[in-house]
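One structure is given here, and the rest of the page talks about it.
Number of protein chains: 2
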Amino acid sequence: MSSREMKLDTGMVRIAFQPSGCRIATVSGTTVLACAQKAGLGLNADCGGMGSCGRCRIQVQPNAPVSPPSEPEFELMGAGELSAGLRLACQTRVFGSTSVYLPADSVSTTQRLQVEGQGTVIDPDPPTTLCELSVPGVTSELPRPDWERLAEEVKESGFAEPGPPRLPILQSLNDLLRIDDGRVTVGLRNDGISWVLARNRPVLGLAVDVGTTKIAGYLVELRSGKTLASAAKMNSQIALGEDVMTRIACTIEREDGLAILHECVLETINDLAVDLCKEASKAGDITGTPEPGCIVECVMVGNTVMHHFLLNLPVAQLGMAPFVPVVSRDLDFKADRIGLHLNENANVHLPPNVAGFVGSDHVSVLLASGVSTSSETVLVLDVGTNTEISLITRNGITTCSAASGPAFEGAHIQCGMRAAEGAIERIRIRGRSIECTTVGGCAPTGICGSGILDAVAQFRLHNVIDRHGGLNADSPFVTRGVYGPEILLVPAARTGHGRDIVVGRRDIGKVQLAKGAIRSGIHILLDAARVSPDEIEKILIGGAFGMYLDIDSAMSIGMLPRLPANRFRQIGNAAGAGAVRLLLSRSLRKDAASLAGRIRHLELAGTPGFRSTFINALRLET
Amino acid sequence: MSSREMKLDTGMVRIAFQPSGCRIATVSGTTVLACAQKAGLGLNADCGGMGSCGRCRIQVQPNAPVSPPSEPEFELMGAGELSAGLRLACQTRVFGSTSVYLPADSVSTTQRLQVEGQGTVIDPDPPTTLCELSVPGVTSELPRPDWERLAEEVKESGFAEPGPPRLPILQSLNDLLRIDDGRVTVGLRNDGISWVLARNRPVLGLAVDVGTTKIAGYLVELRSGKTLASAAKMNSQIALGEDVMTRIACTIEREDGLAILHECVLETINDLAVDLCKEASKAGDITGTPEPGCIVECVMVGNTVMHHFLLNLPVAQLGMAPFVPVVSRDLDFKADRIGLHLNENANVHLPPNVAGFVGSDHVSVLLASGVSTSSETVLVLDVGTNTEISLITRNGITTCSAASGPAFEGAHIQCGMRAAEGAIERIRIRGRSIECTTVGGCAPTGICGSGILDAVAQFRLHNVIDRHGGLNADSPFVTRGVYGPEILLVPAARTGHGRDIVVGRRDIGKVQLAKGAIRSGIHILLDAARVSPDEIEKILIGGAFGMYLDIDSAMSIGMLPRLPANRFRQIGNAAGAGAVRLLLSRSLRKDAASLAGRIRHLELAGTPGFRSTFINALRLET
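Residue numbers (my numbering), protein chains in the order written: chain A, 301 to 922; chain B, 301 to 922.
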């Protein structure tokens with residue numbers, strides 16, 4: 301009898317399944333499939349565990365105490381898969397305590413790690429390992445302190461050392477060990493116990509895209525990787541300035557400016573977390589009540605100024621050349637350090653930024669769109685109040701930031717509004733009438749970003765305006781308004797609020813500035829890389845506006861280079877999608893750090909010829 | 301030419317001198333003595349660097365890039381010293397960047413690491429390495445962020461990796477790098493940059509003994525190890541209860557009880573830090589202005605209940621058997637986590653506690669008194685509101701806590717007061733008169749702990765009271781007071797405030813309870829270890845009261861066993877002295893952790909026969 305068979309007869313081993321954190325004890329020598337079934341995890345086993353269907357693929361750690369690959373495994377899987385630790389659960393026997401990863405494809409019950417967007421499957425490496433423990437109570441024979449009892453259970457689990465205690469964990473531990481009879485879910489990191497939740501509470505993650513105008517949040521169930529709810533809120537900093545420059549000025553003019561702006565952005569995110577939990581509660585597809593206190597992991601992406609406001613870092617130096625941030629590298633803090641009302645021990649990750657005006661939101665877009673490893677020549681635009689533009693070529697990634705202003709978010713436009721119900725999002729001139737399509741199909745109440753872009757393109761096409769944006773007084777669409785000539789889109793009688801919806805000269809000017817900034821950014825990037833517009837194989841357009849804009853209109857006013865339609869992709873809120881993926885994967889976080897280090901940043905204002913390029917780009921050519 | 305000689309000709313190396321943190325760059329191959337002279341550090345060199353006086357001993361790190369020991373070193377130093385890394389500065393040449401420790405004995409200028417008390421020289425291992433850096437400013441060619449510029453300097457220094465940034469450092473970094481032209485002192489730990497101070501500020505440490513009644517603090521200059529100031533303040537928690545049990549009850553009765561008690565103890569310590577800085581400012585023997593913001597390292601010792609109050613941990617479970625703390629192990633937190641108004645990045649270390657009523661203050665006493673490694677049979681008492689008693693024998697350390705009450709701190713005594721000016725501290729009955737000695741020699745205003753102990757002993761000796769503490773109505777010293785018979789110590793005409801100073805039956809009862817608790821603790825410890833009182837080779841008595849009590853009086857009322865006078869040592873505030881030493885030494889912190897793990901704790905109330913032992917010990921035998 302070999303020593304391994306000896307063990308098979310006598311020893312007990314512990315298996316932890318990732319990403320769920322579910323643990324069970326079993327006799328040494330049991331197959332992973334049997335363990336998973338015992339733990340109530342539905343692994344695919346179409347062939348009944350005969351090793352012939354190949355659908356119960358799992359991943360084991362390097363040097364895990366498991367049986368060597370069997371004949372059926374060599375037949376069904378390549379050497380590459382086997383060397384990457386992929387195995388068949390029905391063929392793999394466990395001889396020591398270890399952790400096993402169940403890829404989403406192998407699980408028959410709901411367990412999803414793929415997120416919306418350009419989604420590829422996420423590597424099996426959550427930044428925090430979930431571990432379910434039962435901590436014994438105090439006995440008068442062995443009156444061990446609360447922390448020491450918890451630490452011993454963690455040590456025994458074999459996944460990590462308990463590490464040094466964090467104060468907020470100690471402050472709540474006495475209560476926590478009594479809520480669910482000592483049953484807790486513990487988040488473990490390299491440096492030890494990161495957070496502790498009573499077992500009857502859901503384990504949640506939050507991904508946030510902190511925009512200058514809008515803050516978008518995604519609530520994720522960490523065990524399954526499933527997005528439970530998503531929502532957006534206006535950034536309440538708007539009260540102190542529509543754009544980042546005004547807000548930076550506010551911190552210089554007012555002594556409490558930075559503190560107030562910090563409070564504003566925190567308040568919006570804290571409110572958003574409450575909203576998301578309520579929404580997830582309504583959907584009701586998880587056990588336990590989702591509350592901000594159950595959010596134990598968080599990723600925040602945003603432009604560099606928002607990043608600094610969030611962390612209460614001074615921003616004055618971001619308002620003047622050479623636009624130096626306090627810090628660029630990726631950061632990890634506890635939620636209560638920042639002032640976020642999540643679980644006070646929640647790990648908040650902030651991916652790296654690239655420069656003063658190229659933030660982690662753009663790094664997130666590049667990651668989510670998968671272009672960072674592309675061999676094609678790709679242009680990526682994330683359109684917002686600042687529009688970040690990246691050109692990816694065989695020679696690397698170059699990025700710039702264009703000050704496009706808030707016009708495409710529907711702001712600073714006379715009858716502008718967000719892309720909510722009643723917003724005009726599409727305009728066509730047919731004969732002597734203007735046809736408007738609204739969000740939700742109801743009576744129009746204003747015009748959103750994609751609508752104003754469409755309007756300008758159509759006006760120019762039908763000679764309602766000239767190439768400089770001036771209104772053609774001879775056009776039947778031009779009427780005399782209170783402040784001068786204007787174009788009547790929808791008369792009061794047909795609107796939702798009983799007031800005319802009009803477009804004026806100033807509105808057209810705002811669109812010119814926005815499109816001019818974007819186009820000159822594209823122009824200078826292509827120039828610097830010696831790439832002609834024709835050579836661009838793919839143009840990815842991110843952001844909510846980017847999702848709905850009419851590519852033809854954008855090309856017709858010269859905002860985008862004229863290229864065949866099949867080269868364009870509208871990728872939606874890729875920054876948010878990237879944040880959700882960063883929430884679930886440690887290796888993606890490493891990729892983000894290395895990506896940010898590889899990006900060359902081009903400061904537009906410092907580029908020779910920028911001014912004349914910009915002025916040329918203001919023209920509305922057809 | 302060997303490769304080493306090659307280096308000698310061309311390379312530049314950096315030397316950091318510890319504990320000062322002073323760094324210099326020099327050509328490879330320079331002697332440590334020459335480097336130290338270049339850095340302005342006065343190393344002893346009586347022989348002029350000939351290797352004959354042996355007074356320039358230094359310590360190098362294992363495998364440091366230095367020349368092998370020379371002939372003079374082998375002659376002057378033992379193999380033991382050499383293998384411990386001790387070298388002669390004049391004989392040791394440096395061939396790569398390294399850190400060199402200068403023991404206080406080798407330095408001719410002021411540099412002290414020895415602290416008051418039982419002081420032995422502290423091992424050369426400060427918990428945080430001080431490092432002086434000059435961080436370059438921003439240039440428009442290379443607009444690197446603040447953190448990244450600092451991190452690169454740290455990396456280049458070769459002492460530690462910069463580690464992940466802490467948020468409060470980032471929040472102040474922009475200002476900090478501009479105060480003293482980028483010149484900063486950085487505190488480095490294993491996990492990276494711990495704190496950053498402008499170079500023109502002193503680098504301070506704070507050691508605190510958090511008592512139930514009194515909080516004592518010591519301000520230390522970290523570069524020299526010199527104690528700049530010491531002071532004590534009444535713990536403002538007293539308003540919510542004189543003893544820990546009353547304060548625990550307060551947290552149960554009032555919802556905000558714990559929060560208030562936490563605030564009180566913090567407030568006292570924060571005030572104490574301000575006082576200490578003012579006192580050090582007056583003394584004026586350091587450069588720069590001492591302020592709480594310069595305090596970057598801190599050690600706090602105290603009983604377990606004070607420890608929990610300090611950290612805002614629940615204490616209810618410390619008020620009932622089996623008296624389980626939330627945590628026992630040693631802890632490290634940042635000052636702002638706790639709510640201390642020191643440098644917000646200051647490292648606060650809390651040594652381990654042993655049990656619910658044996659705290660880190662007693663661990664500190666055992667460390668400071670050096671008995672933890674003693675081969676003698678030693679009894680250690682730390683007299684306070686709770687008196688911790690340890691018996692050290694060849695078989696280990698056993699500790700108990702006796703509820704002695706506040707009588708020996710002058711509290712709960714009719715005319716009691718702290719041992720301040722005017723307090724009666726010594727009493728002798730000669731014939732028909734009572735002679736009183738006061739602190740400071742001025743007119744008496746009350747009676748302190750050592751005074752009341754002396755009084756009871758003298759009263760018993762002269763039959764003013766009987767063995768049960770009852771007043772002898774026949775004694776000429778017993779008079780009729782407002783509340784019953786009492787003993788007049790000083791008539792109103794001779795006191796500082798014009799009121800009689802008297803001792804009543806209740807006061808004598810308080811002393812009986814205190815001495816009874818202490819004596820029965822001693823008795824039970826000896827009993828458990830099967831040691832007779834005669835076998836005790838040394839009795840160490842700590843605490844302010846312990847410093848001034850009359851050993852004869854204490855023996856005569858049976859508080860201490862009757863032993864020859866030369867077996868007693870009055871060691872003063874050994875807990876505070878221990879805290880100062882823990883502030884300066886990482887290895888002592890490790891010793892404290894292992895010591896706490898080795899102590900056996902004896903729960904007096906749970907010991908069979910405790911009640912009858914205690915009742916017997918109440919008697920005032922002579």
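Even glycine gets a Cβ: it sits at the ideal position worked out from N, Cα and C.
For the 8 Å CB-CB criterion, G809(A) and A917(A) do not form a contact.
Where I765(A) is concerned, there is no enclosing alpha helix (DSSP H), because DSSP gives it neither an H nor an E.
Counting every other CB atom within 10 Å of its CB across the protein chains shown gives K514(A) a total of 16 or more, marking it as buried. Look at D632(A): its C-beta is under 8 Å from a C-beta on chain B. Chain A has a Cβ within less than 8 Å of the Cβ of D446(B). By the 16-neighbour rule on beta-carbons within 10 angstroms, I752(A) is buried. When the beta-carbon positions are compared, L882(A) and H649(A) come within less than 8 Å of each other.
When DSSP states are grouped into helix, strand and coil, Y783(A) belongs to the coil group. The residue among P369(B), N647(B), T589(B) with its C-alpha nearest the C-alpha of V596(B) is N647(B). Spatial neighbours of A529(A) in its own chain (CB-CB distance under 6 Å, excluding positions within 5 residues in sequence) are listed in chain order as L519, L576, E579, A580.
About 6 Å separates the CB atoms of V803(A) and A755(A); that is less than 8 Å, so the two are in contact. At a Cβ-Cβ threshold of 8 Å, S457(B) and R314(B) count as neighbours.
The Cβ-Cβ distance between P426(A) and P590(A) does not fall below 8 Å.
Around the beta carbon of D556(A), a 10 Å sphere encloses fewer than 16 other beta carbons of the protein chains shown; the residue is thus reported as exposed.
Between Q359(A) and chain B, the shortest Cβ-Cβ separation is not below 8 Å. For the segment 457–473 of chain A, the beta-carbon criterion of a distance under 8 Å to any beta-carbon of chain B is satisfied by P464, P465, L467, L470, Q471, L473. Residue ranges of uninterrupted beta strand (DSSP E) with 3 or more members, entirely inside the segment 656–689 of chain B and ordered along the chain, are 678–682. According to the DSSP assignment, S399(A) belongs to the beta strand (DSSP E) that extends over 398–401. If you draw a straight line from the Cα of E553(A) to the Cα of A516(A), it is about 29 Å long. For the C-beta of L613(B), the chain A residues within less than 9 Å are, from N- to C-terminus, L467, L470, Q471, L473, N474. Per the Cβ contact rule, the segment 667–675 of chain A is in contact with the segment 872–882 of chain A (3 or more Cβ pairs under 8 Å). Shown here, S530(A) sits in a strand according to DSSP, grouped into three states. With a threshold of 8 Å between beta carbons, S894(B) makes no contact with chain A. Residue state for R898(A) is assigned as helix, using DSSP reduced to three classes.
Counting only residues of its own chain and dropping the five nearest sequence neighbours on each side, P614(B) has a CB closer than 8 Å to the CB of T551, L558, H608, V626. Counting every other CB atom within 10 Å of its CB across the protein chains shown gives T527(B) a total of 16 or more, marking it as buried. Burial check for E644(B): the Cβ neighbour count within 10 Å reaches 16 or more, so the residue is buried. C-alpha of V778(A) to C-alpha of P908(A): approximately 39 Å in a straight line.
Residues of chain B with a Cβ closer than 9 Å to the Cβ of V438(A) are, in chain order, Q617, P622, V624. Residue contact check for P443(B) against chain A: a CB pair falls below 8 Å. Contacts with chain A at 8 Å (Cβ-Cβ) include V627(B). For I469(A) and A334(A), the gap between their C-alpha atoms comes out near 36 Å.
Taken through DSSP and simplified to helix, strand or coil, M600(B) comes out as strand. In this structure, P403(B) sits away from G385(B), with a CB-CB distance that is not shorter than 8 Å. M312(A): member of the beta strand (DSSP E) spanning 312–318, first to last residue. Excluding residues up to 5 positions away in sequence, V683, F708, E709, G749, S750 lie with their Cβ nearer than 7 Å to the Cβ of F845(B) in the same chain.
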